[in-house]
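Since the structure comes first, as structure tokens, the remarks are kept for the end.
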Amino acid sequence: MARLLGPDGRRVGLALLLLAACVLPFLLSSYRTFQLTSALTYAIALVGLNILTGWNGQISLGHGAFYAIGAYVAAILMDRFGVPYWATIPVAGFVCLGAGYLFGLPALRLEGLYLALATFALALATPQLLKWKHLEEWTGGVQGIVILKPDAPFGLPLDQDQWLYFFTLAITVLMFWLARNLLAGRIGRALVAIREQPTAAEAMGVDIAFYKSMTFGVSAMFTGVAGALGAIVIQFVAPDSFTLFLSITLLVGIVVGGLASLSGAIWGALFIQFIPNVADHISKAAPWAIYGLFLIACMYLMPTGVAGLLRAAAARLDRAPPGP
Amino acid sequence: MTAILEVSGLTAGYGASPVLHGLDFDVPVGGVATILGANGAGKTTTLRAVSGLIRAAGEVRFAGERIDRLAAEDVARRGIAHVPDGRGTFVQLSVEENLRLGAYVRRDPAGVARDFERVFDLFPVLKERRRQQAGTLSGGEQQMLAISRALMLRPRLMLMDEPSFGLAPLVVREIFRIMRMVNREEGVAILLVEQNASLALDLASRAFLLETGRLVVGGSAADLKADDAVRRSYLGY
Amino acid sequence: MEAFLHQVLSGLATGSIYAIVALALVMIYQATHLVNFAQGEMAMFSTYLAWTMLDAGFPYWLAFAGTVALSFVLGVAIERIVIRPVEKAPVLAVVIVFIGLLVILNSVAGWIYTYTIKSFPSPFPDRTILGGYVSAHELGVMAVTMGVLALLFLFFRFTPLGLAMRAAAQNPVSSRLVGIRVGWMLALGWGLAAAIGAVAGMLVAPIVFLDPNMMAGILLYGFAAALLGGIDNPAGAVVGGLAVGVLENLSGAYLVGTELKLTVALVLIVGVLLVRPSGLFGRVVVSRV
Amino acid sequence: MRIRTLALPLAAAALLAAQPAAAQKKYSPGATDTEIKVGNVNPYSGPASAYGAIGKAIGAYFAKVNDEGGINGRKINYITLDDGYSPPKAVEQTRRLVEQDQVLLVFQPLGTPSNTAIHKYMNAKKVPQLFVATGATKWGDPKRYPWTMGWQPNYQTEGRIYARYILENKPAAKIAVLYQNDDYGKDYLKGFKDGLGAKASMIVAEASYEVTDPTVDSQMVSLKASGADTFFNITTPKFAAQAIRKAYDIDWKPVQFLNNVSNSVGSVLTPAGLEKSVGLISSYYLKDPTDPQWVKDPAYLDWLAWMKKYNPDANLNDTFNVYGYTAAQTLVQVLKQCGDDLTRENVMRQAANLKKVALPMLLPGITIDTGPDDFYPIEQMQLMRFNGKTWDAFGQPIGG
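Same order as they appear, the protein sequences are chains A, B, C and D.
Counting from 1139, one number per residue, gives the positions in the first sequence under the working numbering.
Counting from 16, one number per residue, gives the positions in the second sequence under the working numbering.
Counting from 105, one number per residue, gives the positions in the third sequence under the working numbering.
Counting from 24, one number per residue, gives the positions in the fourth sequence under the working numbering.
This is the structure in structure tokens:
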């Protein structure tokens, strides 16, 4: 599509998309607005996981853990220290940056399946640690933490859901912009080189160890920011919100959306937000069976995800002879 | 002299970009044919198209039967042994297991046992190392193993892809000596792809010159040897 | 000291369950170089098939053999029908198909058989030995695990088909050139894995009871066990399974208490992998080019 | 699916809702002359799908009510949604029920985490979060949360009942506890410890397990090694059966207390082995459909007929089908009492005005009682001991 429209067309398209995103909450019910807000938070988390898995080729089955850390940082800061909600977001990001970087250090020695196991372990350990009695004072143990939903500031004529939507949208735009700048240049090329040709990348002077662990950190930061937003949107954190299933859902999101693609994160987010509801609507008896069928069908029809399919379609359009 | 392999109009490639553009050539029964050409001319692709590893258009007949629509495993089952570039060793298996795999499609245990003895006679070093992991062999030994594995199939035609590649001259000479012996004594036809044109032309009776996916010269090996253009470009004198 | 011994014995008993599941994972890995996340649910489903046969009045061993055979066929069918279309897709796309398969099997089992636990009979006598800390069934599980391992060893080592399967997994192109039907070898690998999974399920069910979520936890331990032992080594998988069983029990009983025992066991496993990145008995490929 | 057909009359209902209500009739959103919209959130997918049986049973009971003419001439339109036992999803689905489907009330949402997640929202919106399907203690707080009410006896009450029994009958007991490491297990444990009070040191060993643990064998070995002579088993059915069998197999013979969650004869004790379950003590408030003592009970026979006709896919061994049946009857009672005043305020007023309601599948002597300050509908339980075939009641129904 990019070539079809040219850089200007692309910019116009983005502007139109953003405009539509701004108008939507005034057309939809609060419930739908809330759903979109939650899809946006997923999109940020998916960008994070995609940086690690899509661009850098490190598979993580445990990103739910960073989502959880971000969510709990926000909840604890708001609940115990009275920190305003907007200030918790950067803190959650930085905490996860650190946590991800530290986890990335030992993970350097692990590849492929072994890394998958290590991250899988992280996903399993997270709810256990959140329930652990020595952390209960902070995490609220099995009961979790209930937090308050923010009102729109400066007397803006928005209800809580609309305000949270715009707040989340702004952060989403910011994070996508950040990711694009990060990935478009030298760093992005280095990440892909490490994924495709680690030996050659090293020979070219890419510091693989640093890049890999830093990628883990940055990826965790994105996911942590999403977790913090998620906590504020849902107004509640508990160990049961961050099970292994969340990590798997995030992985499903990036693959269905399209690996190593920013727009893929949006498609993936829409999938994991809405398809379970569709499945539930089709069958109460076995909703997961329907969901599974959706997953398999997606992989048959679009093995490279929605973004991959669109890219291929655009390429075909470009190649096709111009019409009369 | 009839041909065991007849190829006409062979067109093949990877993805959307064709590498070969309508090749016509043949290999006589019990004879040796060679395809010469520079790097990237399409020599390896030709062999892959013949053995069914990649899809190709055109007609390929083996002993009169059309094989161009067959999958690689079925081509092998008809008696064509392809010794691929890079030798295709099963590096984690033992030397003996590699040889057993060569005879995988055969159903005559007595004959297989005789062929074991035969390849061990041809390459005594393999007998010494029969229990060793094949990945630990030297390059020359792996090439010997690859040829032996092909022989275990009892082929009527062998497709050889650059058997001299990366080997010391002494080893190359030994390998070519054995190929000649196999061809002469057992009548196994050989289609040889080689960069070392003088070696190839010594072994072959027919030769073809491949340039960017097209056969530009074809005829008896002696004729090609005498061809000025071939001499300058490929034989270096 | 007595309690310690009992923890070890009980760990070995549970570990043999992980071991046999790990074996099934190793099977598919050897054939396809993928870890099948749906393996546990396939085993669970097979066990329900066995339960259905028993419920219909089949004698135990007939149901057992029937289930193993049927599971083999279903495994082959799943490979040919479900996995084949994504054969050339990126690895992660295949992983997503596994996840799809997992949720489908889990959900359909719940739908057909409901989530109420069912007891499943053991072929071994209802007795305990060694002071009651190991039941005859648990000992039987260990014996069967060893038996399956021995059969697999013989199959892969001494039969042409076994050799062909190993070859197909290692070097598909060369395998086709010697006439091996690589596609069918993959399907065969799935079939074997499904059959071993069925055995695992039928041995696990008498211990943990049959329900649609029966294998969820076990698969996770089996996965860890397979990697700990070396994912390409069936014997390693068995040792890994036993080690995980004992490790988990001891860390729960003596190290940190039961609240964090899974976490600690996993940290230890990952620690071992940091030191030995291809597992305790994983093959280090020696190769000269 | 029966549950889905219930949602069909939606369009017709929307038409009718537009007409002004008759003078004496008062309605909140979700109620009209012809229907009452009841929302529900249950885990139909995910690891907790076993509980989904409750949501389905409730729907099946409402189908029966509708077939028999509904409540005061109104049909129940039951909309039940899947939350996969995930709190964020529960929030989303509940908002859908309240804001999009405009239900009169949300009935029996399941699970402590999910209910905690929607607790504030429901009270801010002033929509009844009625008879929640969890045994946590926090649902009976009418001062702070006037729109939320529990239903079943809470876990802490039950824990206290056993504690009191131990203090009275076995004051020198050395107690071992096995509990699930989540809100449910910890709530029981807390009630039990509160009940023991100063004597909490009687607990000599505690072990927890995760739902992902394949077995609790290791925990049982540890508990036996503690030398305890009394065992409180706070586990869900699968683990309860494992623990009972393991205790027997390792020759550990303590006095065993089994939580109500897992005392079904058919789906726990039979798999564990009836002879291994002799002497277990537990407490009941519902009739166990698999206990032979009810085989000729008319209430049981009614239940059975309903199961066969309206819930034929469900498992007859599953106590959740009694739970959903009885909970649904409780709501029907409340809605009947509401008459033509189907406002959310009146629903809560009537829910807090249940007096000695004896429902058929409640044990004899146990009734549902609420008041403006009493948001705990069922507070009594009956202690019972297992004799190898059936549960024998002993003593009077007792409260915490």
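By construction, the Cβ of each residue, glycine as well, lies at the ideal position given by its N, Cα and C atoms.
Predicted model, so just to flag it, every value in this text is computed and none were measured.
Taking the CA atoms as reference points, Gly-1242 of chain A sits about 15 Å from Gly-1362 of chain A. Taken in chain order, the complete beta strand (DSSP E) segments of 3 residues or longer contained in the segment 387 to 420 of chain D are 403 to 409 and 414 to 416.
Contact of Val-1390 of chain A with chain C is assigned, a C-beta pair being separated by under 8 Å.
Gly-93 of chain D: not part of any beta strand (DSSP E); DSSP gives it neither H nor E. The beta carbon of Val-1393 of chain A sits closer than 8 Å to some beta carbon of chain C. Ranking C:Val-199, C:Pro-163 and C:Asn-210 by CA distance to the CA of Leu-314 of chain C puts C:Asn-210 first.
Residue ranges of uninterrupted alpha helix (DSSP H) with 4 or more members, entirely inside the segment 1140 to 1216 of chain A and ordered along the chain, are 1140 to 1165 and 1168 to 1188. Inclusion of Phe-138 of chain B and Ser-163 of chain B in the CB contact set at 8 Å is warranted, their separation being smaller than that value. When Cβ pairs closer than 8 Å are counted between the two stretches, the segment 113 to 125 of chain B is seen not to touch the segment 191 to 199 of chain B, the count staying below three. Taking CB atoms only, Gly-57 of chain B has no neighbour in chain C less than 8 Å away. In this model, Asp-217 of chain B and Leu-207 of chain B are separated by some 12 Å (Cα to Cα). Excluding its 5 nearest sequence neighbours in each direction, Leu-1307 of chain A has C-beta neighbours in its own chain below 7 Å: Ala-1159 and Leu-1178, listed in chain order. When secondary structure is reduced to three states using DSSP, Ser-235 of chain B falls in the strand class. In this structure, Ser-120 of chain C and Met-246 of chain C form a Cβ contact; the two beta carbons are roughly 4 Å apart against a cut-off of 8 Å. Counting every other CB atom within 10 Å of its CB across the protein chains shown gives Asn-63 of chain D a total of 16 or more, marking it as buried.
Excluding five sequence positions before and after Gln-360 of chain D, the CB atoms of its chain that fall closer than 6 Å to its own CB belong to Gln-373, given in chain order. Inter-segment contact for the segment 308 to 323 of chain D and the segment 285 to 292 of chain D is present: three or more beta-carbon pairs are separated by less than 8 Å. With its beta carbon at least 8 Å from every one in chain A, Pro-338 of chain C lies outside the interface.
At a cut-off of 8 Å between beta carbons, Tyr-1252 of chain A contacts chain C. With distances taken between CA atoms, Val-1444 of chain A lies nearest to A:Leu-1400 out of A:Leu-1294, A:Gln-1373 and A:Leu-1400. Any Cβ of chain C closer than 8 Å to the Cβ of Ala-87 of chain B would place that residue at the interface, and such an atom is present. Three or more beta-carbon pairs drawn from the segment 1188 to 1197 of chain A and the segment 1390 to 1407 of chain A are found closer than 8 Å, and the two stretches are therefore classed as touching.
If you draw a straight line from the Cα of Gln-419 of chain D to the Cα of Val-199 of chain C, it is about 57 Å long. Identification of chain C residues near Thr-293 of chain D by a Cβ-Cβ cut-off of 9 Å yields Ser-223, ordered along the chain. Taking all protein chains in view, the Cβ of His-241 of chain C is crowded by 16 or more other Cβ atoms within 10 Å, so the residue is classified as buried.
Within chain A, no residue has its beta carbon less than 7 Å from that of Val-357 of chain D; the closest one is some 24 Å off.
Burial check for Ser-224 of chain D: the Cβ neighbour count within 10 Å stays below 16, so the residue is exposed. Val-114 of chain D belongs to the set of residues whose beta carbon lies under 8 Å from a beta carbon in chain A. The three-state secondary structure of Ser-287 of chain D, taken from DSSP, is coil.
According to the DSSP assignment, Asp-242 of chain B belongs to no alpha helix (DSSP H), since it is labelled neither H nor E. For Gln-1411 of chain A, same chain residues with a beta-carbon under 7 Å away, outside a window of 5 residues either side, are Gln-1173, Ser-1176, Ala-1177 and Tyr-1180 in chain order. Chain A places a beta carbon closer than 8 Å to that of Pro-194 of chain C, counting this residue as a contact.
Think of a sphere of 9 Å around the beta carbon of Gly-37 of chain B: no beta carbon from chain C falls inside it, the nearest being about 25 Å out. Of the residues D:Asp-396, D:Pro-66 and D:Gln-403, the one whose Cα lies closest to the Cα of Leu-386 of chain D is D:Gln-403. Residue-level contact by beta carbon holds for Thr-103 of chain D and chain A, with a gap shorter than 8 Å. Taking 9 Å as the upper bound on Cβ-Cβ separation, chain D lies near residues Gly-1368, Val-1371, Ile-1372, Gln-1373, Phe-1374, Val-1375, Ala-1376, Pro-1377, Asp-1378 and Ser-1379 of the segment 1368 to 1380 of chain A.
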